[in-house]
Amino acid sequence: MMTVKLKDGIAKYFLLCSAAFSIVALLAIALFLFSRGIPAMAEIGLFKFLFGTVWHNNPGATNQSYGVLPMILGSIYVTALATMIGLTIGIFIAVFIFKFCPKKIRGILEQLINLLGGIPSVVFGLFGILVVVPALRQISPTFVGEGILAASLILSIMILPTIVTISLNSLKAVPRNFYEGALALGATKEQSVFKVVLPAAKSGVYTAVVLSIGRAIGETMAVIMVIGGSPQIPTSWLQSIDTLTALIARNSGEASGLAFEALIACGVVLFVFTILLNVFLMTVKIKRTNQSYKLTLKRHNERQAQKLIDHTSFLHLRVALLYKRTKFFIKYPFVKLGQFFVWLVVVCKLNVICRQLSELLDKNWRAESRQKAWYAFLKVSSFFAAFLGVLALVGLILFILIRGTPYVSWHFVFGKYTLDNPTLTPAIVGTLILVGIALCISIPIGVGSAIFLSEYARKAKGVKYIRLAIDSLAAIPSIVYGLFGFIFFVGLFGWSYSLLAGGVTLAIMTLPTVIRITEESLLTVPHIYREGSVALGASKVRTTFKVVLPCASVGIASALIQTVGRVISESAVLILTIGLMVNIVPDGVMSPGTSLALNIYYFGNFGSSDQAAATCVVLLIVVLLLNLVLSFVGKRLGRNNFKY
Amino acid sequence: MKENIIEIKDVQLHYGNHHALKSINLSVSKCEILAFIGPSGCGKSSLLRCINRMNDLIDGCRVRGKVVIEGFGDIYGKGIDINNLRKNVGMVFQKPNVFPMSIFDNIAFGPRTHGIKKKKDLDPIVEDSLKKAGIWQEVKDDLKKSAISLSGGQQQRICIARALAVQPKILLMDEPTSSLDPISTAIIEDLCENLKINYTIVIVTHNMQQATRISDKTAFFLNGEILEFGETTQIFSNPKNEKCEKYITGRFG
Ligand SMILES: Nc1ncnc2c1ncn2[C@@H]1O[C@H](COP(=O)(O)OP(=O)(O)OP(=O)(O)O)[C@@H](O)[C@H]1O
Ligand SMILES: [Mg+2]
Numbered sequence: 076m077m078t079v080k081l082k083d084g085i086a087k088y089f090l091l092c093s094a095a096f097s098i099v100a101l102l103a104i105a106l107f108l109f110s111r112g113i114p115a116m117a118e119i120g121l122f123k124f125l126f127g128t129v130w131h132n133n134p135g136a137t138n139q140s141y142g143v144l145p146m147i148l149g150s151i152y153v154t155a156l157a158t159m160i161g162l163t164i165g166i167f168i169a170v171f172i173f174k175f176c177p178k179k180i181r182g183i184l185e186q187l188i189n190l191l192g193g194i195p196s197v198v199f200g201l202f203g204i205l206v207v208v209p210a211l212r213q214i215s216p217t218f219v220g221e222g223i224l225a226a227s228l229i230l231s232i233m234i235l236p237t238i239v240t241i242s243l244n245s246l247k248a249v250p251r252n253f254y255e256g257a258l259a260l261g262a263t264k265e266q267s268v269f270k271v272v273l274p275a276a277k278s279g280v281y282t283a284v285v286l287s288i289g290r291a292i293g294e295t296m297a298v299i300m301v302i303g304g305s306p307q308i309p310t311s312w313l314q315s316i317d318t319l320t321a322l323i324a325r326n327s328g329e330a331s332g333l334a335f336e337a338l339i340a341c342g343v344v345l346f347v348f349t350i351l352l353n354v355f356l357m358t359v360k361i362k363r364t365n366q367s368y369k370l371t372l373k374r375h376n377e378r379q380a381q382k383l384i385d386h387t388s389f390l391h392l393r394v395a396l397l398y399k400r401t402k403f404f405i406k407y408p409f410v411k412l413g414q415f416f417v418w419l420v421v422v423c424k425l426n427v428i429c430r431q432l433s434e435l436l437d438k439n440w441r442a443e444s445r446q447k448a449w450y451a452f453l454k455v456s457s458f459f460a461a462f463l464g465v466l467a468l469v470g471l472i473l474f475i476l477i478r479g480t481p482y483v484s485w486h487f488v489f490g491k492y493t494l495d496n497p498t499l500t501p502a503i504v505g506t507l508i509l510v511g512i513a514l515c516i517s518i519p520i521g522v523g524s525a526i527f528l529s530e531y532a533r534k535a536k537g538v539k540y541i542r543l544a545i546d547s548l549a550a551i552p553s554i555v556y557g558l559f560g561f562i563f564f565v566g567l568f569g570w571s572y573s574l575l576a577g578g579v580t581l582a583i584m585t586l587p588t589v590i591r592i593t594e595e596s597l598l599t600v601p602h603i604y605r606e607g608s609v610a611l612g613a614s615k616v617r618t619t620f621k622v623v624l625p626c627a628s629v630g631i632a633s634a635l636i637q638t639v640g641r642v643i644s645e646s647a648v649l650i651l652t653i654g655l656m657v658n659i660v661p662d663g664v665m666s667p668g669t670s671l672a673l674n675i676y677y678f679g680n681f682g683s684s685d686q687a688a689a690t691c692v693v694l695l696i697v698v699l700l701l702n703l704v705l706s707f708v709g710k711r712l713g714r715n716n717f718k719y
Numbered sequence: 114m115k116e117n118i119i120e121i122k123d124v125q126l127h128y129g130n131h132h133a134l135k136s137i138n139l140s141v142s143k144c145e146i147l148a149f150i151g152p153s154g155c156g157k158s159s160l161l162r163c164i165n166r167m168n169d170l171i172d173g174c175r176v177r178g179k180v181v182i183e184g185f186g187d188i189y190g191k192g193i194d195i196n197n198l199r200k201n202v203g204m205v206f207q208k209p210n211v212f213p214m215s216i217f218d219n220i221a222f223g224p225r226t227h228g229i230k231k232k233k234d235l236d237p238i239v240e241d242s243l244k245k246a247g248i249w250q251e252v253k254d255d256l257k258k259s260a261i262s263l264s265g266g267q268q269q270r271i272c273i274a275r276a277l278a279v280q281p282k283i284l285l286m287d288e289p290t291s292s293l294d295p296i297s298t299a300i301i302e303d304l305c306e307n308l309k310i311n312y313t314i315v316i317v318t319h320n321m322q323q324a325t326r327i328s329d330k331t332a333f334f335l336n337g338e339i340l341e342f343g344e345t346t347q348i349f350s351n352p353k354n355e356k357c358e359k360y361i362t363g364r365f366g
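Sequences listed follow chains H and W, in order. If you're matching positions, the first sequence starts at 76 in this note's numbering and goes up one per residue. If you're matching positions, the second sequence starts at 114 in this note's numbering and goes up one per residue.
Printed below as a string of structure tokens:
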């Protein structure tokens with residue numbers, strides 16, 4: 076049966092190609108950014124560029140200066156704070172949905188989270204401008220509401236869905252008998268969840284960390300609206316500063332010559348920064364898994380455990396000391412930065428320490444009540460986190476609905492665009508075309524890569540590099556994609572400002588999401604299905620596409636949701652690639668255009684917040700409809716699906 | 114003397130550095146039931162999976178030696194069409210693994226794989242296989258139902274029917290009844306008796322009574338070796354190997 080073999084070969088070849096696409100994309104992005112950014116850095120002077128504290132590029136001014144240290148610090152602060160808040164709340168929410176919440180609410184909650192994932196970042200930005208910043212102004216001693224705090228609050232709400240969805244997926248992927256086994260050993264529900272299921276879902280949680288840091292660092296539009304925009308070194312939580320992404324987005328429109336090249340250099344910094352972060356997180360991940368493995372090996376060794384206690388209390392002392400010292404130097408940004416990292420380390424360590432301690436306490440009868448209190452605390456925290464998350468979401472949606480609904484009309488949505496009476500028709504057509512282009516490219520390639528990674532090459536050598544490329548692509552900020560699209564598709568390919576340029580850039584950007592979600596759901600398909608199919612004489616292709624893939628269809632559908640959601644919410648990429656043509660309905664993929672999200676930014680920028688809010692309402696309705704359709708599809712597919 | 118349908122010659126199997134099977138020699142003749150018995154981890158499943166090359170799916174698993182199957186020659190030799198081999202050597206697993214599709218689609222999966230696509234051709238195959246597996250009466254009105262909604266015993270019989278639907282010559286069963294209740298077990302044992310007329314069956318079991326009830330020949334495994342191989346009646350009434358005797362009388366430490 077030559078044909079079957081041929082089919083197998085061809086399929087494998089195509090899957091390999093789609094998996095290799097990530098590497099090609101990453102290399103292309105790196106190449107084009109570096110080839111423009113490095114010369115610029117050289118011209119400015121690397122040290123002056125990275126550690127210069129003054130950014131001054133007003134066109135025409137004589138004393139141009141390109142120091143990005145303030146923006147680098149701004150980016151780090153905002154990202155760290157947002158990730159910490161988001162991660163803490165997000166994991167608790169995931170645990171809450173997974174085990175503690177009543178069945179009836181569970182579906183609703185998952186829907187809400189999905190919905191939150193689909194909300195464009197500009198909507199968050201608008202919410203920030205209209206609510207968060209004024210509120211912070213009330214408590215600020217200097218009456219400035221913009222700055223790190225506002226941006227990280229907005230961002231932490233924004234990255235919640237990513238964290239919750241991924242953590243939840245991996246919690247669900249933990250075999251049921253882990254949980255039941257723990258229960259059978261006499262552990263309480265809380266103990267089983269926090270001690271057995273959550274650690275088993277670790278890989279998913281790490282994925283969540285990488286993705287959410289990527290999103291936080293890469294976020295441009297929400298940040299740009301609440302950060303203030305003064306390129307100065309941050310010394311307070313409430314003070315107008317700037318981040319790398321916001322700087323690029325704000326200035327690339329009018330910049331030219333060296334000023335523009337300097338912005339590309341900023342893109343390089345962001346790129347390198349995120350890649351380094353990614354590598355760092357990966358090494359931590361590997362180390363951690365090793366550590367926990369060793370720990371289980373030594374678990375029975377009491378003396379070892381005693382040592383651990385000594386060590387941890389020592390650590391506490393050291394941290395306290397360090398904290399005191401750093402407090403002394405609090406005014407210096409670098410020390411403050413160090414303080415942030417100490418905090419980060421403590422938070423990370425605490426979780427390990429607590430787990431180890433609770434393991435010890437397990438053996439100690441007398442400490443049982445204390446342990447119970449600890450788990451009760453965890454449980455209450457997860458309730459509280461879920462409450463907070465839902466509150467933020469409902470508040471946000473309600474606010475926008477109330478603000479924008481009065482301005483929504485048939486004419487506003489579908490009418491003809493005039494200067495006095497702006498409408499959304501061009502944006503709607505543009506958005507549809509963008510979504511179409513992005514899905515057509517990213518879903519086939521993404522699903523293909525996921526299949527290759529999980530079915531064909533679980534342990535092959537080169538796979539490491541593919542995974543590295545995918546992780547890196549996921550971490551690259553969208554504004555960097557924007558720069559890349561601008562240089563590569565708009566410029567080099569000669570597509571000029573066009574929906575095609577924007578759509579293709581978006582497709583590359585959403586690829587990692589598709590791959591990851593699809594792969595996670597492929598991994599949940601029991602191995603015995605594959606064996607069953609192969610034992611019937613089915614070829615690898617047939618097994619993969621007829622048995623394994625249908626089982627993962629819910630995962631692919633959710634990948635689709637998130638892709639559409641991201642394409643709809645993205646505006647940073649589009650600012651640089653599709654030309655912000657708000658008044659003309661595009662007549663094809665090659666014409667410039669706009670999207671709904673971009674329009675919100677445009678209206679918001681023009682001070683017409685009524686139209687901006689109304690556009691938000693329309694966008695939310697689109698997202699809601701999309702979610703309804705897909706949850707319906709998910710149910711239909713799920714009905715025939717296997718039970719966990 | 115009946116002709117041999119399977120001949121295993123000096124098979125060695127490694128999982129990474131772990132030497133799981135040490136020089137196995139065995140032959141199975143047509144239309145007989147062979148039982149593999151032995152303590153856990155002694156390599157029964159490993160050998161079973163050699164017979165249809167399911168071990169290919171496991172990373173780091175290497176097989177040396179020859180497994181000659183009638184009509185194929187050495188299945189580890191060159192130019193073997195593995196899919197066709199597996200079509201002729203069916204397998205039923207320890208845990209029922211029906212696919213998350215309708216009962217009909219489950220049974221029809223195999224035939225469809227091998228080119229039978231028309232419903233009017235599939236219908237008789239599906240009915241026939243379900244009848245042979247003794248589950249037709251229970252599911253005939255509801256072939257569109259998802260196979261996962263069935264009970265464990267029913268699912269296992271669906272798996273057997275699914276394996277039969279591609280008309281294999283040999284059927285490998287790895288502890289097919291270990292997760293089933295006595296009634297389902299009895300049904301499946303009866304099934305084996307009936308299937309014996311047309312099929313050669315190799316079955317792994319931890320249940321000594323089961324081995325005596327259904328098998329013609331028995332192989333006793335220990336630590337990756339076959340210590341005793343012969344007629345089931347002889348092995349259970351008069352075992353030659355001391356360890357084998359200890360094992361079947363339940364005094365094995
Ligand atoms: N996938 C694998 N990777 C590595 N080692 C394996 C693998 N499968 C089995 N082994 C090892 O090979 C040996 C034989 O395993 P096998 O599954 O064949 O035993 P078995 O006789 O079927 O046991 P049981 O009665 O428990 O099913 C065991 O020591 C086992 O640890
Ligand atoms: Mg076994």
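By construction, the Cβ of each residue, glycine as well, lies at the ideal position given by its N, Cα and C atoms.
CB contact below 7 angstroms: residue i versus chain H
{"i": "Asn-210/W", "result": "yes"}
{"i": "Lys-200/W", "result": "yes"}
{"i": "Ser-350/W", "result": "no"}
{"i": "Asn-311/W", "result": "no"}
{"i": "Gly-129/W", "result": "no"}
{"i": "Thr-226/W", "result": "yes"}
{"i": "Ala-213/W", "result": "Here the sequence assigns Pro to residue 213/W, which means Ala is not the residue at that position. Judged by the 7 angstroms Cβ criterion, Pro-213/W is in contact with chain H."}
{"i": "Met-204/W", "result": "yes"}
Heavy atom of ligand 1 within 6 angstroms of residue i beta-carbon
{"i": "Cys-163/W", "result": "no"}
{"i": "Cys-341/H", "result": "no"}
{"i": "Ser-633/H", "result": "no"}
{"i": "Ser-153/W", "result": "yes"}
{"i": "Ala-148/W", "result": "no"}
Three-way DSSP call (helix, strand, coil) for residue i in this model
{"i": "Trp-249/W", "result": "helix"}
{"i": "Ala-133/W", "result": "strand"}
{"i": "Ile-323/H", "result": "helix"}
{"i": "Ile-384/H", "result": "With a pLDDT of only 38 at Ile-384/H, under 50, the local geometry of the prediction cannot be trusted, and the value read off the model is given with reservation. Ile-384/H falls in the helix class under three-state DSSP."}
{"i": "Gln-125/W", "result": "strand"}
{"i": "His-788/H", "result": "The structure shown does not extend to residue 788/H, since chain H is modelled only from 76 through 719, so no value can be given for it."}
{"i": "Ser-484/H", "result": "coil"}
{"i": "Tyr-492/H", "result": "coil"}
{"i": "Leu-655/H", "result": "coil"}
{"i": "Leu-335/W", "result": "strand"}
{"i": "Thr-313/W", "result": "strand"}
{"i": "Tyr-44/H", "result": "Chain H is shown only over 76 to 719; residue 44/H falls outside these bounds and no answer can be derived."}
{"i": "Cys-626/H", "result": "helix"}
{"i": "Ile-85/H", "result": "helix"}
{"i": "Asp-172/W", "result": "coil"}
Residue i at chain W interface by Cβ criterion, 7 angstroms
{"i": "Ser-683/H", "result": "no"}
{"i": "Cys-626/H", "result": "yes"}
{"i": "Ser-614/H", "result": "yes"}
Contact test: residue i Cβ vs ligand 2 heavy atom, cutoff 6 angstroms
{"i": "Ser-291/W", "result": "no"}
{"i": "Ser-215/W", "result": "no"}
- Message: Ignoring anything shorter than 4 residues, give me the alpha helix (DSSP H) runs that lie fully in the region 206-251 of chain H, in order along the chain.
- Response: 208-214 and 223-248
- Can you list the residues near ligand 2, meaning Cβ strictly closer than 7 angstroms to any non-hydrogen atom, in the order they appear in the chain? Lys-157/W, Ser-158/W, Gln-207/W, Asp-287/W, Glu-288/W and Val-317/W
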